[in-house]
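Notes to accompany the following structure.
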Amino acid sequence: MEKWRAADRLLKFSSRFASAVNWNNSCKSKQGKYFYSVATTVHRNPLFSIISPDDISYFKTLLGERGVVQDALALDAANTDWMGKYRGSSKLLLQPKNTEEVSQILKYCNSRCLAVVPQGGNTGLVGGSVPVFDEVIINVGLMRNILSFDKVIVSGVLVCEAGCILENLISFLDDEGFIMPLDLGAKGSCQIGGNVSTNAGGLRLLRYGSLHGSVLGLEAVLANGTVLDMLGTLRKDNTGYDLKHLFIGSEGSLGIVTKVSILTPPKLSSVNIAFLACEDYTSCQKLLLEAKKKLGGILSAFEFLDSDAMSLVSSTTFLGTENHGQEVIKDKHGQDFTSIDLRALPLEFWYSYASGSIFMENLEAFLLHSVESGLVANGVLAQDINQASSFWHIREGLPEALMKAGAVYKYDLSLPLEKMYDLVEEMRVQIGPAAKVVAYGHLGDGNLHLNISAPAYDDNILAKIEPFVYEWTSKNRGSISAEHGLGLMKAAKIHYSKSPETVRLMIDFDYCVFELLPDTSCLDDNHSIICLCLSA
Ligand SMILES: Cc1cc2nc3c(=O)[nH]c(=O)nc-3n(C[C@H](O)[C@H](O)[C@H](O)COP(=O)(O)OP(=O)(O)OC[C@H]3O[C@@H](n4cnc5c(N)ncnc54)[C@H](O)[C@@H]3O)c2cc1C
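The sequence shown finishes on residue 536 if you use full-length UniProt numbering, and the numbering steps up by one all the way, no holes.
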């Protein structure tokens with residue numbers, strides 16, 4: 001029985017990928033049919049019902065017309081992921097306004113055996129936020145209230161609904177003199193519920209740690225409609241298991257997150273940023289170690305992009321021409337750092353960002369030392385907020401630049417720093433001239449974003465990338481998902497990063513604790529069938 005259960009679960013995971021393959025002809029790949037190296041074609045689980053007119057009437061009574069979306073354009077957007085790579089065929093998007101409605105929806109779907117997929121801002125990059133088949137999409141985007149912000153008693157605890165857009169929370173906190181411990185390029189669309197469900201990392205993790213540290217509490221609704229109130233605001237609470245952690249990064253597979261309580265630090269009095277060119281990856285790596293040594297806790301981000309990434313982003317993104325401010329530092333050729341036009345930065349270099357509550361003097365001293373020791377060849381120091389945001393614009397513009405360039409195979413890997421760029425170079429050899437290998441990432445967190453950019457999706461290219469990239473990562477004890485999650489793309493690849501015993505425990509856990517999949521023994525025992533479609 002155990003084996004059957006495991007196989008069923010895995011089949012369900014891989015079915016998500018099969019759907020993407022069916023949709024996109026150019027993406028029709030043999031990998032889509034493989035699972036644990038056994039070729040298999042997966043179909044929609046027939047245990048799930050098809051939406052009926054009675055179901056629609058029920059949801060309209062529950063949510064009103066506004067909460068039941070059947071409009072073709074809106075559904076098209078909700079069925080398609082940010083990359084335009086994964087697409088479902090859902091006929092129904094539900095928009096609850098409160099936790100009780102989420103609970104009623106799930107209870108009903110459970111009783112009717114309707115599969116559902118939770119969706120936030122739909123900015124996920126692993127095909128987890130869209131339906132595979134015809135699942136009901138549940139989006140908590142109308143639940144966007146800030147419920148409380150305690151800046152007096154327990155400093156900086158924000159409690160909000162899961163549909164709040166990250167950027168709105170960042171602005172709210174800015175006005176209050178605090179900052180969100182999380183920032184990422186998709187902030188204008190992603191929701192805090194989606195961030196928590198993916199355990200998003202982003203640009204501030206180096207300083208503020210992961211959401212496992214800053215999320216103090218959660219409210220979540222299980223697939224059978226049970227509301228779990230774990231919305232604590234305490235820094236310390238060691239009463240039993242800390243179940244909220246299961247939901248952080250569970251990608252909607254255990255339930256729908258409806259409220260979040262998060263600890264936010266006070267705003268920094270001074271933030272400075274340097275955009276630096278290094279001769280090679282080894283210098284970037286050494287620069288990071290130096291920055292950690294010399295700047296320590298005041299360093300909040302250390303990003304990197306390679307010369308191909310810089311070249312790509314320069315061709316699609318406006319980098320600005322103006323340089324304001326006074327002279328700060330000279331590079332080794334005697335050129336003023338602040339007088340360098342970003343567009344003129346030599347493309348053969350690797351680039352690093354160092355950012356934090358660093359006073360200009362500290363940063364200048366650090367840079368002088370780095371230039372003298374040959375780690376930094378060239379670079380720019382932001383002289384004002386506009387320059388700082390134009391630096392971030394380059395880094396944050398990369399995912400979009402890659403999208404504009406054509407098809408992109410994206411890999412989000414944690415690797416030992418000293419090995420990280422070896423993979424990029426080996427991948428270049430492996431792929432040859434058929435595609436461009438572009439690398440950037442959160443160097444300070446040991447997180448590489450490896451992108452293979454090609455004019456169109458091509459089975460032959462994919463066959464050169466996978467399983468090579470996963471095997472390489474596994475061999476070097478890395479993680480095949482540093483921060484984006486597994487989604488449809490990598491659910492069946494989990495064994496590259498987790499031991500069989502760990503995967504087994506996750507599967508058993510889902511069955512025993514959350515009763516997440518239709519199971520004949522449950523049917524026989526007249527247990528409820530839980531229909532939350534696993535989005536991981
Ligand atoms: C330009 C760009 C830059 C990015 N940069 C980063 C980065 O630096 N770091 C990083 O970690 N990620 C990054 N991402 C990926 C993505 O933005 C994050 O994963 C984000 O946290 C997803 O939030 P979302 O609201 O869009 O969730 P969605 O994409 O809608 O969903 C993501 C997953 O969470 C589930 N989910 C969503 N909402 C809920 C909920 N309320 N309850 C339960 N499950 C839910 C979905 O089912 C899905 O599995 C980036 C994406 C883009 C497009």
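Built from N, CA and C at the ideal position, the CB exists for glycine as well. On a predicted model such as this, the values are computed, not experimentally measured, just so you know.
Straight-line Cα distance separating residue j from residue i
{"i": "Ile-529", "j": "Cys-113", "result": "Legend: pLDDT at Ile-529 = 32, less than 50; position of this residue unreliable, value from coordinates given subsequently. If you take the alpha carbons of Ile-529 and Cys-113, they lie about 7 Å apart."}
{"i": "Pro-96", "j": "Cys-164", "result": "14 Å"}
{"i": "Ser-228", "j": "Gly-240", "result": "A small correction: the amino acid at residue 228 is Leu; Ser does not occupy that position in the sequence shown. Rounded to whole angstroms, Leu-228 to Gly-240 spans 15 Å at the Cα level."}
{"i": "Val-376", "j": "Tyr-281", "result": "11 Å"}
{"i": "Gly-296", "j": "Phe-59", "result": "54 Å"}
{"i": "Lys-244", "j": "Met-230", "result": "7 Å"}
{"i": "Asp-55", "j": "Ser-390", "result": "49 Å"}
{"i": "Ser-453", "j": "Asp-422", "result": "18 Å"}
{"i": "Ala-405", "j": "Pro-53", "result": "43 Å"}
{"i": "Gln-70", "j": "Val-260", "result": "29 Å"}
{"i": "Leu-63", "j": "Ala-220", "result": "19 Å"}
{"i": "Arg-204", "j": "Glu-279", "result": "26 Å"}
{"i": "Gly-478", "j": "Met-360", "result": "36 Å"}
{"i": "Leu-288", "j": "Arg-207", "result": "14 Å"}
{"i": "Ala-309", "j": "Glu-396", "result": "12 Å"}
{"i": "Tyr-86", "j": "Lys-410", "result": "13 Å"}
{"i": "Ile-465", "j": "Ala-456", "result": "15 Å"}
{"i": "Leu-381", "j": "Leu-367", "result": "10 Å"}
{"i": "Ser-311", "j": "Asp-183", "result": "24 Å"}
{"i": "Asp-150", "j": "Gly-252", "result": "28 Å"}
{"i": "Pro-46", "j": "Met-83", "result": "29 Å"}
{"i": "Asp-242", "j": "Lys-490", "result": "27 Å"}
{"i": "Asn-24", "j": "Tyr-470", "result": "Its pLDDT being 29, under 50, Asn-24 is placed unreliably by the model, and nothing is read from it."}
Test item: CB-CB of residue i and residue j under 8 Å
{"i": "Ala-186", "j": "Gly-121", "result": "yes"}
{"i": "Gly-127", "j": "Leu-488", "result": "yes"}
{"i": "Lys-267", "j": "Asp-174", "result": "yes"}
{"i": "Leu-305", "j": "Val-257", "result": "no"}
{"i": "Ile-494", "j": "Leu-486", "result": "yes"}
{"i": "Ala-434", "j": "Ile-394", "result": "no"}
{"i": "Gly-194", "j": "Gly-124", "result": "yes"}
{"i": "Ile-192", "j": "Ile-138", "result": "no"}
{"i": "Glu-167", "j": "Gly-188", "result": "yes"}
{"i": "residue 542", "j": "Leu-450", "result": "Nothing can be reported for residue 542: it is not among the residues displayed for the chain, which extend from 1 to 536."}
{"i": "Leu-158", "j": "Ile-170", "result": "no"}
{"i": "Leu-415", "j": "Val-408", "result": "no"}
{"i": "Ala-78", "j": "Ser-89", "result": "no"}
{"i": "Leu-413", "j": "Ala-492", "result": "no"}
{"i": "Asn-476", "j": "Leu-363", "result": "no"}
{"i": "Ser-103", "j": "Gln-119", "result": "no"}
{"i": "Glu-135", "j": "Val-117", "result": "yes"}
{"i": "Leu-73", "j": "Leu-93", "result": "no"}
{"i": "Phe-275", "j": "Leu-443", "result": "no"}
{"i": "Phe-133", "j": "Arg-44", "result": "yes"}
{"i": "Gly-379", "j": "Ala-277", "result": "yes"}
{"i": "Val-313", "j": "Leu-448", "result": "no"}
{"i": "Gly-225", "j": "Lys-107", "result": "yes"}
{"i": "Thr-264", "j": "Met-180", "result": "yes"}
Bridge partner(s) assigned by DSSP for residue i
{"i": "Leu-94", "result": "Val-68 and Ile-138"}
{"i": "Ile-165", "result": "Gln-191"}
{"i": "Leu-205", "result": "In DSSP, Leu-205 forms no bridge with anything."}
{"i": "Met-230", "result": "Leu-218"}
{"i": "Asp-150", "result": "Val-157"}
{"i": "Gly-249", "result": "For Gly-249, which the question treats as bridged, DSSP gives no partner whatsoever."}
{"i": "Pro-118", "result": "Ile-138"}
{"i": "Tyr-440", "result": "Leu-305 and His-449"}
{"i": "Asn-476", "result": "DSSP, once it has assigned bridges, lists no residue as partnering Asn-476."}
{"i": "Phe-178", "result": "Pro-266"}
{"i": "Ala-378", "result": "According to the sequence provided, residue 378 is Asn. The question's Ala does not apply to it. Beta-bridge pairing links Asn-378 to Ala-277."}
{"i": "Thr-80", "result": "Arg-87"}
Distance cut-off 7 Å: residue i Cβ against heavy atoms of ligand 2
{"i": "Asn-195", "result": "Because ligand 2 does not appear in the structure shown, any question about it cannot be addressed here, the ligands present being ligand 1."}
Chain B within 8 Å of residue i, Cβ atoms only
{"i": "Glu-483", "result": "Here there is only one protein chain, and chain B is not present."}
Residue span of the beta strand (DSSP E) that contains residue i, given as start and end
{"i": "Glu-483", "result": "Element bounds for Glu-483: n/a, residue is neither H nor E."}
{"i": "Ala-454", "result": "447-454"}
{"i": "Tyr-108", "result": "Where Tyr-108 is concerned, there is no enclosing beta strand (DSSP E), although the alpha helix (DSSP H) it sits in stretches over 99-112."}
{"i": "Leu-263", "result": "256-263"}
{"i": "Leu-182", "result": "Unbroken run through Leu-182: none, as it is neither H nor E."}
Opening and closing residue of the alpha helix (DSSP H) in which residue i lies
{"i": "Glu-466", "result": "Counting along the chain, Glu-466 falls outside any alpha helix (DSSP H), and DSSP gives it neither H nor E."}
{"i": "Glu-372", "result": "360-372"}
{"i": "Leu-289", "result": "281-295"}
{"i": "Leu-62", "result": "53-63"}
Exercise. If you scan the stretch 383-426 from start to end, which runs of the beta strand (DSSP E) of 3 or more residues do you find wholly inside it?
Worked result: 407-414
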